[in-house]
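Let me begin by presenting the structure, written as C-alpha cells, before commenting on it.
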Amino acid sequence: MIEDKMIILAIETSCDDTCISVIKDFDILSNVVSSQIEIHKKYGGVFPALAKREHQKNLVPVLRQSLKIAKLLKQENQKLDEEELKDILAREQGLSKKLITFLKKYQKPKIDAIAVTVGPGLEPCLWAGINFSKALSHYWNLPVIPINHIEAHIFANLINTEIKFPAAALVVSGGHTQLILMKALGKYKILGETRDDAAGECFDKTARILGLSYPGGPEIAKMASEAKRQKNIKLPRPMIYSKNYDFSFSGLKTAVLYNFKKQTKISKKYIREMCAEIQQSIIDVLIRKTMRAAQEHKAKTIILGGGVTANKELKKQFQEKTKELKLEFLVPKTKFSTDNAAMIGITACHHWPKKKTKNWRNLKANANLRI
0 MIEDKMIILA IETSCDDTCI SVIKDFDILS NVVSSQIEIH KKYGGVFPAL
50 AKREHQKNLV PVLRQSLKIA KLLKQENQKL DEEELKDILA REQGLSKKLI
100 TFLKKYQKPK IDAIAVTVGP GLEPCLWAGI NFSKALSHYW NLPVIPINHI
150 EAHIFANLIN TEIKFPAAAL VVSGGHTQLI LMKALGKYKI LGETRDDAAG
200 ECFDKTARIL GLSYPGGPEI AKMASEAKRQ KNIKLPRPMI YSKNYDFSFS
250 GLKTAVLYNF KKQTKISKKY IREMCAEIQQ SIIDVLIRKT MRAAQEHKAK
300 TIILGGGVTA NKELKKQFQE KTKELKLEFL VPKTKFSTDN AAMIGITACH
350 HWPKKKTKNW RNLKANANLR I
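Everything in the sequence shown is counted per numbering that gives the first Met the number 0, starting at 0 for the first residue and increasing by one.
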C-alpha cells in the first residue's frame with residue numbers, strides 16, 4: 000500500500016493541455032487543466048512548437064492554481080540559487096523567470112513526490128513538463144516518478160473503482176489506438192494498434208474535409224446526433240474482419256474525401272448523415288476488435304481510455320455490448336477521459352510502492368514510449 004497520506008504533485012504536458020493535479024492517498028485534491036483548443040483551432044490541429052510555448056507560459060499559473068485549490072499554497076519569502084534553475088530550464092523560454100519569481104514568493108508545499116508524463120506524446124511538449132518537474136524536484140528536493148501516458152489513460156478508470164483481471168483495454172485518442180491485454184496492474188501485452196491514423200486523428204481529418212472545426216471528434220458527434228436514420232451513405236469498416244487486432248483508419252478518411260468530392264451540393268443533411276456514418280464506422284471497428292480480443296483471451300473486464308472515449312455514442316454501444324456478453328465495463332468520467340494530470344497522479348500512486356522513481360537528472364522525453 001502507498002504510504003499513509005502521501006501527497007503527489009502530477010504534471011501532464013504530452014500534447015496541447017497544460018495539466019497539474021495534487022493527489023493525496025488516491026484522493027484528488029485538485030485537477031487543473033489549461034486548454035489550448037482555441038489557439039490551435041484556426042490551424043485545424045496541434046502545432047508542437049506553438050503548444051510548447053503555451054506550456055511554458057501556462058505551467059507556473061496552473062501550478063499556483065492547483066496548489067491553491069489543494070490548500071497547499073503558502074506565501075513566504077524564499078532564497079534560492081537562480082543559476083541552477085536557469086540552467087535546468089535553459090531551453091524553456093521565459094519559464095525560468097516565472098518559476099524563480101514563484102519559488103521566491105511561496106514556501107515548499109507539503110508534497111512527497113512529483114509525477115510527470117515522459118511519453119508518448121509530442122516531444123517538445125513533453126520536454127516542457129519534464130524540465131519543469133526537474134526544476135521543482137531540484138529546488139524542493141523531491142523524487143520524480145516518470146509516467147507512461149497510455150498507462151495513465153487506463154489508470155484513469157482506477158479513480159473510482161477496481162479492475163477484475165484479465166482485462167482488455169482499448170486506448171483511443173488523437174494520437175493512439177491500442178488494444179492491450181492486462182493480466183494485472185503493470186502487466187501488459189499489446190494485442191494490436193493502428194497502422195496509420197489513430198481513431199481521434201481520423202475524426203479530426205474527416206471533420207476538416209467536411210468543413211467542421213477542430214477538434215473534429217466533438218463536432219462530428221454533435222452533427223451525428225442530429226442525423227436521421229439513413230442508408231444513403233455507406234463507408235468501409237477498415238480491417239474489421241482481419242484476423243489480427245490491428246487498426247487502420249486512413250482508408251476511411253480517403254473514402255470520406257472521395258464521397259465528399261462527388262457531391263454536387265453539400266447540404267446540412269448530407270453533413271449530418273456523413274458524420275453519423277463516420278462515427279458508426281469507427282465504433283463498429285473498435286467494438287468488434289475489442290470484443291473478439293476479450294472473448295479469445297477470456298477477459299473479465301473491458302476498459303476504455305483516451306480522449307475519444309468521451310464520445311457518448313461510443314460509450315453507449317460499448318455498454319450495450321458488454322452487458323450482452325456479461326462483461327464488466329469501465330470507462331472514465333468525461334473530465335478524466337481527455338488529458339489531465341489526475342490520471343498521472345493516480346498512476347504514480349500505484350507505482351510508488353514499487354519504487355519506480357528516478358533522479359531528476361536522468362529524466363528524458365520519449366515520444367514513442369511503449370506501454
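Beta carbons: idealized from backbone N, C-alpha and C, even for Gly.
Exposure label - Thr177; buried when at least 16 CB within 10 Å: In the sequence shown, the residue the question calls residue 177 occupies position 178. The sequence shown places Gln at residue 177, rather than the Thr named in the question. By the neighbour-count rule (16 or more Cβ atoms within 10 Å), Gln177 is buried.
CB-CB length for Phe164 against Ala151, believed under 8 Å: As a first step, residue 164 is located in the sequence shown; it is residue number 165 there, counting from the start. As a first step, residue 151 is located in the sequence shown; it is residue number 152 there, counting from the start. Actually they do not touch by this definition, with Cβ atoms about 18 Å apart.
Helix, strand or coil at Glu225 [DSSP, three-state]: For this step, residue 225 is matched to residue 226 along the sequence shown. Residue state, collapsed to three classes: coil.
Closest residue to Ala226 among Pro331, Ala155, Glu312, Ala48 (Cα-Cα distance): Working through the sequence shown from its first residue, we reach residue 226 at position 227. The option with the nearest alpha carbon to Ala226 is Glu312.
Where the beta strand (DSSP E) containing Ile6 begins and where it ends: Numbered from its first residue, the sequence shown carries residue 6 at position 7. From DSSP, the beta strand (DSSP E) with Ile6 extends over 6-11.
First through last residue of the beta strand (DSSP E) which encompasses Met181: Here the question's residue 181 lines up with position 182 in the sequence shown. Met181 -> beta strand (DSSP E) spans 176-183.
DSSP three-state assignment for Glu2, whether helix, strand or coil: Residue numbering aside, residue 2 sits at position 3 when the sequence shown is read from its first letter. Confidence at Glu2 is low in this model, with a pLDDT of 49, below 50, so the placement of that residue should be treated as unreliable; the coordinate-derived value is given next. Coil at Glu2, not helix or strand.
Same chain, Cβ closer than 6 Å to Cys274, five either side skipped, listed in chain order: Taking the sequence shown and counting its residues from 1, the one referred to as residue 274 is at position 275. For Cys274, where only same-chain residues beyond five positions count, the Cβ hits under 6 Å are Ile219, Met222, Ala223.
Beta carbon of Leu326 nearer than 8 Å to that of Phe259: Stepping through the sequence shown from its first residue, residue 326 is reached at position 327. Stepping through the sequence shown from its first residue, residue 259 is reached at position 260. Result no, Cβ atoms of Leu326 and Phe259 do not sit closer than 8 Å.
Contacts around Phe154, its chain only, beta-carbon distance under 7 Å, and the 5 residues preceding and following it disregarded: The residue given as residue 154 occupies position 155 in the sequence shown. So the list reads Met342, Ile345, Thr346, His349, once near-sequence residues are dropped.
Alpha carbon of Thr17 to alpha carbon of Thr263, nearest angstrom: Indexing the sequence shown from 1 puts residue 17 at position 18. Indexing the sequence shown from 1 puts residue 263 at position 264. The C-alpha of Thr17 lies about 43 Å from the C-alpha of Thr263.
Contact the segment 40-59 vs the segment 117-127: 3+ CB pairs below 8 Å: Counting Cβ pairs under 8 Å, three or more are found: they touch.
Whole-angstrom distance between Leu71 and Glu2, CA atom to CA atom: Reading the sequence shown from its first residue, position 3 is the one you call residue 2. Reading the sequence shown from its first residue, position 72 is the one you call residue 71. Confidence at Glu2 is low in this model, with a pLDDT of 49, below 50, so its placement is unreliable and the value that follows should be read with caution. Near 19 Å, if we compare the C-alpha coordinates of Leu71 and Glu2.
For Gly185 and Lys51, the rounded distance between their alpha carbons: Along the sequence shown, read from residue 1 onward, the residue named residue 51 stands at position 52. Along the sequence shown, read from residue 1 onward, the residue named residue 185 stands at position 186. A straight-line Cα-Cα distance of about 30 Å links Lys51 and Gly185.
Contact under 8 Å by Cβ, Glu91 with Gln55: Locating residue 91 in the sequence shown gives position 92, counting from the first residue. Locating residue 55 in the sequence shown gives position 56, counting from the first residue. Taking the C-beta atoms as reference points, Gln55 is found nearer than 8 Å to Glu91.
Local conformation of Lys384 per DSSP, three classes: Past the boundaries of the shown model lies residue 384; the chain is included only from 0 to 370, so the question cannot be answered.
Inter-stretch contact (C-beta, 8 Å, three-pair minimum) for the segment 75-90 and the segment 109-118: The segment 75-90 vs the segment 109-118: no contact.
Endpoints, the alpha helix (DSSP H) within which Glu105 is located: Residue numbering aside, residue 105 sits at position 106 when the sequence shown is read from its first letter. Looking at the sequence shown, residue 105 is not Glu but Tyr. Boundaries for Tyr105: no alpha helix (DSSP H) harbours it, and the DSSP string shows neither H nor E there.
First and last residue of the uninterrupted alpha helix (DSSP H) at Leu125: The residue given as residue 125 occupies position 126 in the sequence shown. In the DSSP assignment, Leu125 falls within the alpha helix (DSSP H) that extends over 122-139.
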